[in-house]
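In our numbering, the protein residues as written are 1 to 176.
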């Protein structure tokens, strides 16, 4: 049974992550194209999805939500590395291949950013994107994120070192 809806965007709902979402997470995290864009090449089975569920979803270090449309899970959106003292966290998101290009990632990220700024009183969100992930860069730009730098050869993906583009968004800059 899906978790309750916590936030609503224009086209998506953000609902709590529940145990039954583990299979959905593992299935899509193992997609080769998705792994390259995310910068995470480790395989995920149900056991590692359970570990992810227990450590990440249950953490006080951020919040994770299932992105859903028409009662169907299409991705995840989350913030992590929460620094409450300074009011900063890192934003992350992904949507399934079949859900891409429909504005779901932008809508979900915008809803979570509003929540982070308005209800959690954060002052800044950051995001790191593998340079080849142009769709994710477009999502951030639509929300008003500014590129703050490049972490050169920062991750190892598909046998090579890749750069990460670093973006930041202040609470006052969110494109509503």
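Think of the CB as a built atom: it goes at the ideal place given N, C-alpha and C, for glycine as much as any other residue.
Mapping the DSSP letters down to three states, classify residue 167 as helix, strand or coil. Three-state DSSP puts residue 167 in a strand.
> For the beta strand (DSSP E) that residue 68 lies in, which residues bound it at each end?
Replying inline: From DSSP, the beta strand (DSSP E) with residue 68 extends over 63-69.
| message | Give me, in chain order, the residues of the same chain whose beta-carbon lies closer than 8 Å to that of residue 150; leave out the 5 immediate sequence neighbours on both sides. | response | The answer, listed in chain order, is 131, 163, 164, 165, 166.
| Tell me which same chain residues have a C-beta within less than 6 Å of the C-beta of residue 73, skipping the five on either side of it? | Excluding residues up to 5 positions away in sequence, 24, 66 lie with their Cβ nearer than 6 Å to the Cβ of residue 73 in the same chain.
Answer with buried or exposed for residue 111, where buried requires no fewer than 16 other C-beta atoms within 10 angstroms of its C-beta. The residue in question, residue 111, is buried, as its Cβ has 16 or more Cβ neighbours within 10 Å.
Among 44, 108, 95, which one has its Cα closest to the Cα of residue 8? For the residues 44, 108, 95, the minimum Cα distance to residue 8 belongs to 108.
Quick one: any contact between the segment 68-84 and the segment 48-55, if contact means 3 or more CB pairs under 8 Å?
No, they do not touch.
*Taking residue 83 as the reference, which of 160, 121, 139 has the closest Cα?*
Checked all of 160, 121, 139; the closest Cα to residue 83 is 121.
Q) Mind checking residue 156: buried by the 16 CB within 10 Å criterion, or exposed? A) In the assembly as shown, residue 156 is an exposed residue. Its beta-carbon has fewer than 16 other beta-carbons within 10 Å.
Hey, out of 154, 48, 87, whose CA is closest to residue 119's CA? Residue 87 holds the alpha-carbon nearest to the alpha-carbon of residue 119 among 154, 48, 87.
#### Entry: residue 82, DSSP secondary structure in three states
Residue 82 sits in a strand when the DSSP states are folded into three classes.
**Q.** residue 97 versus residue 134 - alpha carbon distance
**A.** Answer to the nearest angstrom: the Cα atoms are 14 Å apart.
| request: Using the Cα positions of residue 172 and residue 148, report the straight-line distance between them to the nearest angstrom. | output: When rounded, the distance between both Cα atoms is 16 Å.
Give me the Cα-Cα distance between residue 85 and residue 124, rounded to the nearest whole angstrom.
When rounded, the distance between both Cα atoms is 12 Å.
Exercise. Does the separation of the CB atoms of residue 127 and residue 91 fall below 8 Å?
Worked result: Against a cut-off of 8 Å, the Cβ pair of residue 91 and residue 127 comes out as a contact.
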